[in-house]
Amino acid sequence: MDGRGARRKGHDFEREVARRFAEVFGASEVRRGLQYRDGADCGDVIAPALWIECKRGRKTSARAALAQATAASDGKGCWPIAVCKDDNEPATVTIAFDDFLDLVREWWELRRR
Numbered sequence: 003m004d005g006r007g008a009r010r011k012g013h014d015f016e017r018e019v020a021r022r023f024a025e026v027f028g029a030s031e032v033r034r035g036l037q038y039r040d041g042a043d044c045g046d047v048i049a050p051a052l053w054i055e056c057k058r059g060r061k062t063s064a065r066a067a068l069a070q071a072t073a074a075s076d077g078k079g080c081w082p083i084a085v086c087k088d089d090n091e092p093a094t095v096t097i098a099f100d101d102f103l104d105l106v107r108e109w110w111e112l113r114r115r
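Quick note: the sequence shown uses the numbering used here, first residue 3, plus one each step.
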């Protein structure tokens, strides 16, 4: 696949991720990030409380994607996550364990009310 095809595959995946998050948060709360920027202002997909980096390819690196999200989101009050999809495999989400525990803690406290 040439560079243009790989870029299109990545953009298509970002649109799919945005659509799936919009099913949860509502369409007015979710959109793709600013693709003409360097990625320092927002993630690939913008959603409440999350900094979302998307990777799509033959063999993605979830650790590298999470490191990118973590570095870019530093000090912005969002949980960094990486949504990665290797060819012919389901998409996965990677999040730091401490951040995951924060999310679970908030969910559990809200559920117990």
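Think of the CB as a built atom: it goes at the ideal place given N, C-alpha and C, for glycine as much as any other residue. Since the structure is predicted, the reported quantities are computational estimates derived from the model, not experimental observations.
Residue i (DSSP reduced to helix, strand or coil)
i   : result
A84 : strand
K57 : strand
T62 : coil
R34 : strand
A49 : strand
Contact under 9 Å by Cβ, residue i with residue j
i   : j   : result
V85 : V19 : yes
E16 : C44 : no
R58 : G12 : yes
For residue j and residue i, believed in contact at Cβ under 8 Å, the rounded distance
i   : j   : result
D46 : R60 : Incorrect: roughly 18 Å between the Cβ atoms, too far for contact.
Review point. Is there contact between the segment 80-98 and the segment 43-63, where contact requires at least three CB pairs shorter than 8 Å?
Key: Yes: the two stretches touch, three or more of their Cβ pairs being nearer than 8 Å.
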